[in-house]
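Asker: Please see the structure below; I have some questions.
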Amino acid sequence: MPESPSMQIRVYRDEDFDAVAALWTACGLDHAPNDPSIDIPILRASKHGELFLAFEGGLLLGSIMIGHDGHRAWIYRLAVRPDRRHQKIGRALVHHAEGWAALRGLRKVQLMIRETNPDVQAFYAKLGYEVTPRTVMARWIEPGDREKAEKIKVVVNLLEMTERPARNVVPTPQGKLAILKAEKMPVRFFRYLYAGVGDPWFWYYRRYLSDEQTASIIHDPKVELYVLYLEGSPAGYVEIDRRAEGEVTINHLGLMSEFIGKGLGPWLLAFAIDTAWQSDPRRVLIETCSLDHPSALPLYQKAGFRPIGQRTEFIDDPRLTGHVPAELEPRLP
């Protein structure tokens, strides 16, 4: 806990960036190749670490990064405002980071100190840290090294419907069903749906977007989100995109894995098609790819969509970038 009752330690937020960058510059932590605009997003995307900040009121006093490699925790970017040092702020930040590690079952915390920082080594020694002789080896990752990472081949099919179909009676699935239009859906809830529906099929694109970028899409007046509920629980969702003139795109139609096989897919698709045609577009579009459920393409064709194009993409493996769970296996074409 902080030594001063007026000091609070919390997790970094996007609006803290300028203050953190200024703090690191004041503390001499901005020398090349350190770049907070690169380092902070990488840390946050990894899901294996946090950047903690100490505040007094609205004043940023200090920072510390803590992360782990699956075996040990590592401390980086401990910084305290030069005019507030020797007030146990650094000690409080280290203890907070150690608590983060302890709660994850990590039994060892390590850090690296430049030879030019003897005062820093003395500080950590007072906290019980010891010099452990090791040879640290390093190699800089060059831009070309990105090409060494394996790519995933994805075949994308584009389908269209140019006439409103005759209303086909799709059997209503059993259970208490409801489809509700979400007005200004919270980004966090959207991410829950996107992951719950899309993880098995490697949905990754929207995960690359920030909260602000995601909100700009899902809160657009011409984008509609409909959530399917079964027995009161979210079972799937569909996004209807009317932003393009004269056409409507059905995006992200899918079900949570627990609800697949209950007849909900055709029923939700029929609802999406009826809803898409309400604005009398010139055509309705939908895409599916080789990573999707194998029933998706034949289901769309049975509903009246006609293939009009196909493209092949080679994407960075989203498991390696941390955008989908590492244990997932893609359905390869």
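Residue numbers (the UniProt record's numbering): 1 to 333. Don't be surprised by glycine CBs; every beta carbon is placed ideally from N, CA and C.
1) Under a three-way DSSP split, which group does H252 fall into?
2) Does DSSP put Y12 in a helix, in a strand, or in coil?
3) Grouping DSSP H, G and I as helix and E and B as strand, with all else coil, what is F305?
4) Does the distance from the C-beta atom of D274 to that of E150 stay below 8 Å?
5) Quick one: what's L53 bridged to in DSSP?
6) Identify every residue that forms a DSSP beta bridge with D316.
7) Pull up the DSSP beta-bridge partners for G236, would you.
8) For Q310, name the three-state secondary structure that DSSP assigns.
9) Taking P133 as the reference, which of Y205, M112, W140 has the closest Cα?
10) Please classify M256 as buried or exposed, where buried requires at least 16 neighbouring CB atoms within 10 angstroms.
11) Touch check for the segment 61-69 and the segment 91-110: three-plus C-beta pairs under 8 Å?
12) Opposite L178 in the DSSP bridges: which residues?
13) Closer than 8 Å by C-beta to F123: which residues in its own chain qualify, once you throw out the five before and the five after it? Chain order, please.
14) Classify A73 as helix, strand or coil using the three-state DSSP reduction.
15) With contact counted as at least three CB pairs below 8 Å, one residue from each stretch, are the segment 13-31 and the segment 284-291 in contact?
16) Is Q110 helix, strand or coil when you go by DSSP?
17) Assign I40 to one of three DSSP states: helix, strand, or coil.
18) Do V238 and L268 have their beta-carbon atoms positioned less than 8 Å apart in this structure?
Answerer: Reading it off the structure:
1) strand
2) coil
3) coil
4) no
5) R10, S63
6) K151
7) L228, L255
8) strand
9) M112
10) buried
11) yes
12) The sequence shown places Ala at residue 178, not Leu. DSSP, once it has assigned bridges, lists Y229 as partnering A178.
13) G90
14) strand
15) no
16) strand
17) helix
18) yes
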